[in-house]
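Q: The structure follows.
Residue numbers (this note's numbering): 3 to 237.
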């Protein structure tokens, strides 16, 4: 009896453990679906920018050393607080990440990134290629992916000593109610005629109606001459 109860308890503990492990795996998969892979050249400023992005968003940083002519570039992924070497085969087979990210950002022009990365660009994810090393252009180019908040914009501007310009300020300051109605442009509507439509009718006078008055004026009744009455004769 005691042995039977012990087996039942062991089965319950095993089932609960498997359920918790499955829930953890599902949560991890959902998180990885929101992860962005940022590939940067092995340059201090580029790597620092990638680390700053990793503090703001779920980002995996992959650094590459070697230009476009490098046959065997050196690839390193930042994981668990350290750089881990990624072989070309591991890169092709995607063995350096547990789940493939939904977004990939590749930083560097055609000469800064190895051809291996160019060949594997179509990974079934949304690839954003930023062919520049300018920090201002890079941050602006990443906004459609990360959607930086106002606080993050200001922090990045202070971090990299950039001038922050609000390009939407004139649009927010515009108030259409400040313009008098008399100064508003008049609304114009153009008649759009499609192919095959019957053209609009045009009123014209027929030739008969135009010449009829002239003909009536030309035809006049002939005057009638009445005979004079005979005067009575005096006899």
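Each residue gets a CB set at the ideal place from its N, CA and C atoms; glycine is no exception.
Determine whether the beta carbon atoms of residue 49 and residue 105 lie at a separation below 7 angstroms.
A: Here residue 49 refers to the residue found at position 47 when the chain shown is read from its first residue. Here residue 105 refers to the residue found at position 103 when the chain shown is read from its first residue. Going by C-beta atoms, residue 49 is not nearer than 7 angstroms to residue 105.
Q: Using CA coordinates, which residue listed in 117, 144, 119 is at the minimum distance from residue 54?
A: Here residue 54 corresponds to residue number 52 of the chain shown, with the count starting at 1. Closest option to residue 54, Cα to Cα, is 144.
Q: Could you work out which residue in 141, 159, 59 is closest to residue 109 when comparing CA atoms only?
A: To locate residue 109, count along the chain shown from 1; it is residue 107. Of the listed residues, the one whose Cα sits closest to residue 109 is 141.
Q: With the cut-off set at 7 angstroms, would you say residue 77 and residue 61 are in Cβ contact?
A: Reading the chain shown from its first residue, position 75 is the one you call residue 77. Reading the chain shown from its first residue, position 59 is the one you call residue 61. No.
Q: Does residue 77 come out as helix, strand or coil in the three-state DSSP assignment?
A: For the purposes of this step, residue 77 is taken as the residue at position 75 of the chain shown. Reduced to three states, the DSSP call for residue 77 is strand.
Q: Quick test of your reading: residue 2 and residue 39, contact by CB under 8 angstroms. State the CB separation rounded to the nearest angstrom.
A: What the structure shows of the chain is the stretch from 3 to 237, and residue 2 is not part of that stretch, so it cannot be assessed.
Q: Report yes if the C-beta distance between residue 80 and residue 63 is below 7 angstroms; otherwise report no.
A: Numbered from 1 along the chain shown, position 78 holds the residue referred to as residue 80. Numbered from 1 along the chain shown, position 61 holds the residue referred to as residue 63. Taking 7 angstroms as the Cβ cut-off, residue 80 and residue 63 qualify as a contacting pair.
Q: Consult DSSP for residue 182 and reduce its assignment to one of helix, strand or coil.
A: Against the chain shown, residue 182 aligns to sequence position 180. Three-state DSSP puts residue 182 in coil, outside helix and strand.
Q: For a test of the three-state rule: what should DSSP assign to residue 63, helix, strand or coil?
A: Position 61 of the chain shown, counted from the first residue, corresponds to residue 63. If DSSP states are grouped into helix, strand and coil, residue 63 belongs with the strands.
Q: Cα separation between residue 157 and residue 187?
A: Here residue 157 corresponds to residue number 155 of the chain shown, with the count starting at 1. Here residue 187 corresponds to residue number 185 of the chain shown, with the count starting at 1. For residue 157 and residue 187, the distance between alpha carbons rounds to 43 angstroms.
Q: In this structure, what does DSSP give as the bridge partners for residue 39?
A: On the chain shown, position 37 is the one that residue 39 refers to. Answer by DSSP bridge pairing, in chain order: 62, 106.
Q: Specify, as a first and last residue, the run of the beta strand (DSSP E) that residue 132 falls within.
A: Here residue 132 corresponds to residue number 130 of the chain shown, with the count starting at 1. Start and end: 128–132.
Q: Which of helix, strand or coil does DSSP assign to residue 84?
A: Stepping through the chain shown from its first residue, residue 84 is reached at position 82. Strand at residue 84.
Q: My output table needs one value for residue 143: the three-state DSSP class, helix, strand or coil.
A: Taking the first residue of the chain shown as 1, we reach residue 143 at position 141. Residue state, collapsed to three classes: helix.
Q: Find out if the Cβ-Cβ distance for the pair residue 138, residue 164 is shorter than 7 angstroms.
A: Numbered from its first residue, the chain shown carries residue 138 at position 136. Numbered from its first residue, the chain shown carries residue 164 at position 162. Cβ atoms of residue 138 and residue 164: closer than 7 angstroms.
Q: What does the Cβ neighbour count give for residue 114, buried or exposed, with the cut at 16 atoms within 10 Å?
A: The count along the chain shown starts at 1 and reaches residue 114 at position 112. Counting the other Cβ atoms within 10 Å of the Cβ of residue 114 gives 16 or more, which makes it buried.
Q: Quick one: Cα of residue 52 to Cα of residue 42, how far?
A: Here residue 52 is taken as the residue at index 50 of the chain shown, counted from 1. Here residue 42 is taken as the residue at index 40 of the chain shown, counted from 1. One C-alpha to the other measures close to 8 angstroms.
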